[in-house]
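Reading through the structure tokens given below for one structure.
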Amino acid sequence: MLKEKNVPLRSTIYLDSPGGNLLAGMELGRVIRDYELRADVGQVRPDTDLGQAVGPGVCFSACTLAYLGGTFRFLMTGSRYGVHRFYFGSPTPDASDLAQMASAAIIQYLRDMDVDTRLFTASTRAGEHEIFELSRSELIELNVVNNGVTRPRWTIESNRAGMYVRGERDTTFGINKFMLICDAKKIVLYIIFDPQNREKEVLNFTADYLYINGANTRIDQARIERKVVNGWINAFYMLSRQQVEAIARAETVGVAMLPTPSSPIFLGFDAMPVGRDGNEKIQGFVAACR
2 MLKEKNVPLR
12 STIYLDSPGG
22 NLLAGMELGR
32 VIRDYELRAD
42 VGQVRPDTDL
52 GQAVGPGVCF
62 SACTLAYLGG
72 TFRFLMTGSR
82 YGVHRFYFGS
92 PTPDASDLAQ
102 MASAAIIQYL
112 RDMDVDTRLF
122 TASTRAGEHE
132 IFELSRSELI
142 ELNVVNNGVT
152 RPRWTIESNR
162 AGMYVRGERD
172 TTFGINKFML
182 ICDAKKIVLY
192 IIFDPQNREK
202 EVLNFTADYL
212 YINGANTRID
222 QARIERKVVN
232 GWINAFYMLS
242 RQQVEAIARA
252 ETVGVAMLPT
262 PSSPIFLGFD
272 AMPVGRDGNE
282 KIQGFVAACR
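Position 136 (the sequence shown) corresponds to 137 in the numbering used here; numbering is contiguous.
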């Protein structure tokens, strides 16, 4: 259907459903993910001025699983998202075995969609004919709603040049990568981001800032190179030991580029979460580089 209708990749799909078949919900979610659609809960309604408008909707039961297929997931104001314990429409002698298989399938699906499996636990808080609605803060904590930013993944990797630690996430504004490279026992910061088709402008920006926990430090004087690769900005900086140690303990990191130091706008990213996993990997990497 999506191919037949020529639906562009990364379009937004609005879901408004009280539920349905559990397996069909997961199957639809995988189709949504394959097409890189963005998901929101809303109801498309006629509008005399605009032709159509989107208002709040509901997403309950199996709909909540389909919704998770969205790479970027939003929940408009007034919309509702609710789960419940799954059940079989008619009694079956092997219900216990089927329930275990269904539970395993749901948990694996949540992992595939990068959603906290505590969502499954939450679903058991409501009976088969009840709905448990999670708060917006709970949905964000479980990564059900990500508001256009995926959770960063921190990894230690290697290539011919040596080892490096990398934090990477996808956003509605493009990819963000924050990497530390070991070069002759010194740490080089390597960042990549999507400049939103403004790469020529960015190459002429004069002010670069390193962000650690929301505080910024100017680092354009430490820049080794800045270039465009496949439409993305790539930049390298030689960091001081103090900056490296601050990054190793940071809660959030980023690099922003500005036309001038006083400019109110910037391109880049200023608050990529590091988390315990990232801290451990960065600290281990830095210790190995010395």
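The beta carbon of each residue, even a glycine, is placed where N, CA and C say it ideally should be. Predicted, not measured: the structure shown is a model, and the values here were computed from it.
- Counting along the chain, no alpha helix (DSSP H) covers N160; the unbroken beta strand (DSSP E) around it starts and ends at 154-160.
- Residue nearest to T151 within the set R224, I141, N7 is I141 (criterion: CA-CA distance).
- In terms of CA proximity to Y212, V254 leads the group I283, R74, V254.
- Secondary structure of V8 (DSSP, three-state): coil.
- When C-alpha distances from G21 are compared across H85, I220, D209, the shortest belongs to H85.
- In this structure the segment 179-196 touches the segment 266-282; the number of beta carbon pairs closer than 8 Å is three or more.
- Between A103 and L23, the beta carbon gap of about 7 Å places them in contact (Cβ cut-off 8 Å).
- For A249, the uninterrupted alpha helix (DSSP H) segment begins and ends at 242-249.
- Within the same chain, Cβ atoms closer than 6 Å to the Cβ of A236 are found at I192, R227, the five residues on either side in sequence being excluded.
- Under the 10 Å beta carbon count, K282 is surrounded by 16 or more other beta carbons and is classified as buried.
- Here A272 is not bridged, per DSSP, to any residue.
- In this chain, the beta strand (DSSP E) harbouring T172 covers 163-172.
- Annotated three-state conformation of V256 is strand, per DSSP.
- Collapsing the DSSP output to three states places V230 in a strand.
- S80 counts as buried, since at least 16 other C-beta atoms from the protein chains shown sit within 10 angstroms of its C-beta.
- Distance from the Cα of Q109 is smallest, within the candidate group W233, D35, L66, for L66.
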